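If you number the sequence shown the way the numbering used here does, the last residue is 424 and the count never jumps. Think of the CB as a built atom: it goes at the ideal place given N, C-alpha and C, for glycine as much as any other residue. Being a predicted model, the structure only gives us computed values, none of them experimental.
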Amino acid sequence: MNDRPLIGPDEHKPWPEITEADKKAVAAVLDRGVLAGPNAPEIRALEEEYAAYTGARHCLATNAGTSSLHAALAAAGVEPGGEVIVPAYTFVASAFAAIHQGAEPVFCDVDPRTFTIDTTQVEALITERTQAIMAVHAHGQPADMAELKAIGARHGVPIVEDNSQAHGIRYRDEMTGSLSETSGASVNHSKNLPAGEGGLFTTDDEESYHIARRLVLYGEDVPADAPRPYWSHGVGWNYRGQEMVCALARSQLRRLDEHNTRSQENAARLTEGLKGLTGVETPFVHPDRGCSYWKYQLLLHPEELGFDGDPRDLRDRIMRALQAEGVEVSIWQPQPVPAQVAFRRRTQVWRPDTEAEAVRPWVPGAFPVASRICATGLSLGTMWRPLYVQEPELMDRYVQAVEKVFANLDVVLSQPFEPYPRVV
Ligand SMILES: Cc1ncc(COP(=O)(O)O)c(C=O)c1O
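Below is the structure:
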């Protein structure tokens, strides 16, 4: 195993890709000298361009994906005391958005093939307090929107997309960000529309747009063509979008389709190369939707590999061996979201001394599908070196590296290894 790594340190392209056009776009903001304001030119232009791109009628730029999701829930009618059904496999921010609105996230397990919310389990979680269902497009694959909408319609509950990982992807013939009543999305540095830190709220509904705009702007209406009245209609936050971020996002938006296509081609090449390898499941994408492959997630099958220890040991050993071959490989979400202490407290406190008494127990293996993905999932590509910009030939080397590690599994399993941090 320990000969020269298959892939050298300079063979990956970094992410985000920053071009001369991106630099000019940001420099133009500084030259103009308008750095902020809800009606500032880059913010308004991005809002128009992203709305047109997704097919939604309205867009609102915010300072983060998390704030756009908070706005999306509020605009969809979620109120303090309500419940929001959220998949157990996502990033914490999907669930925090509900808490920021004073509501409670109610977790649902995910589909074993698409890793998006398991629509067969949603209905059993609906109560009279349920005010929204959050459809997270996990790894860049849209959730089963038709089924979710049918459930929502039966119970009078709106669907809210978390489109942070799936900019520019279609579900049937519609684009993410326009698939539900309201939507929020991140444009942070790791996303397929990367602009540093920022968020994009979208909706078709005029009133939802106004609610979201007030929520992100101190509760105010701030007209572009009249003096600011300084009049708050309700509690608001300073969640405003930022001018330089929006300039960069506009420039990146022009290359979003190109990056998605490259990612899809690279993913197809990996899947073709890895098919038939025992013990590894490649990503499944439902035929009626696309995928950005924000994560190209492999699932390991310890039983097929004759491994009967903690599956995380197998995953971490394989990850370390792939890293030693120069592969960019990562773990995203080592435990389901509801396992985390933040969702097991009775009150939202952060002081360490209160931790013990404030925590409800976590039952290992709860949300079995999410738990399995968290324990056995490995992503090829990382936040800093994702598939969006890599050369297709590099994917062949990834395949060779995986094959090499699997061919030498006995050595990999007998060597000391550095486990990925574990809390539960
Ligand atoms: C699914 C999902 N939801 C929400 C967020 C939060 O976005 P942000 O970090 O821009 O607040 C992210 C990314 O960080 C995410 O991947």
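Query	Result
Taking only the alpha-carbon atoms, compute the straight-line gap between Trp332 and Tyr293 and give it to the nearest angstrom.	13 Å
Would the beta-carbon of Glu123 fall within 9 Å of that of Ala143?	no
May I ask which residues mark the beginning and end of the alpha helix (DSSP H) holding Pro368?	368-376
Does DSSP put Glu418 in a helix, in a strand, or in coil?	coil
Hey, which unbroken runs of the alpha helix (DSSP H) at 4 residues or more fall wholly within the region 226-258?	243-253
To the nearest angstrom, how far is the alpha carbon of Ser330 from that of Arg385?	10 Å
Going by beta-carbon coordinates alone, are Ser164 and Gly82 separated by less than 9 Å?	no
Helix, strand or coil for Asp31 per DSSP?	helix
Start and end of the beta strand (DSSP E) containing Phe201?	199-203
Provide the residue span of the alpha helix (DSSP H) that contains His301, from first to last.	Neither: His301 is in no alpha helix (DSSP H) and is coded neither H nor E.
Indicate the three-state DSSP secondary structure (helix, strand or coil) for Pro287 in the structure shown.	coil
Confirm the yes/no value for this check: CB of Phe91, any heavy atom of ligand 1, distance under 8 Å.	yes
Bridge partners of Ser186, per DSSP?	Gly199
Less than 8 Å between the CB of Leu69 and some heavy atom of ligand 1, yes or no?	yes
Beta carbon of Ile126, beta carbon of Ile159: below 9 Å?	no
Hey, quick one: how far does the alpha helix (DSSP H) through Ala75 stretch, first residue to last?	65-75
Enumerate in chain order the residues of its own chain whose CB-to-CB distance from Arg315 is below 8 Å, with the five nearest sequence positions on each side excluded.	Leu300, Ile331, Ala375, Thr376, Gly377, Leu378, Tyr420
Under the rule that 16 or more other beta-carbon atoms within 10 Å means buried, what is Val399, buried or exposed?	buried
Grouping DSSP H, G and I as helix and E and B as strand, with all else coil, what is Pro158?	coil
For the beta strand (DSSP E) holding Ala135, just list the boundary residues, first then last.	130-136
According to DSSP, is Val412 helix, strand or coil?	helix
Taking 8 Å as the cut-off, is the C-beta of Glu161 nearer than that to any heavy atom in ligand 1?	no
Could you please give me the residues that DSSP links to His58 through a beta bridge?	Thr203
Between which two residues does the beta strand (DSSP E) containing Ile331 stretch?	No beta strand (DSSP E) holds Ile331; DSSP gives it neither H nor E.
Flag Glu174 as yes when its Cβ comes closer than 8 Å to any non-hydrogen atom of ligand 1, and as no otherwise.	no
In the DSSP assignment, what are the bridge partners of Ser379?	Gln297, Ser330
Three-state secondary structure (DSSP) at Pro87?	strand
Evaluate the contact criterion for the region 32-43 versus the region 145-156: three or more CB pairs, one atom per stretch, below 8 Å.	no
Please state the DSSP three-state secondary structure of Glu11.	coil
Indicate, with yes or no, if ligand 1 has a heavy atom lying under 8 Å from the CB of Gly65.	yes
In whole angstroms, what is the alpha-carbon distance linking Ala138 and Pro227?	42 Å
So, with DSSP's three-state summary, where would you put Phe107?	strand
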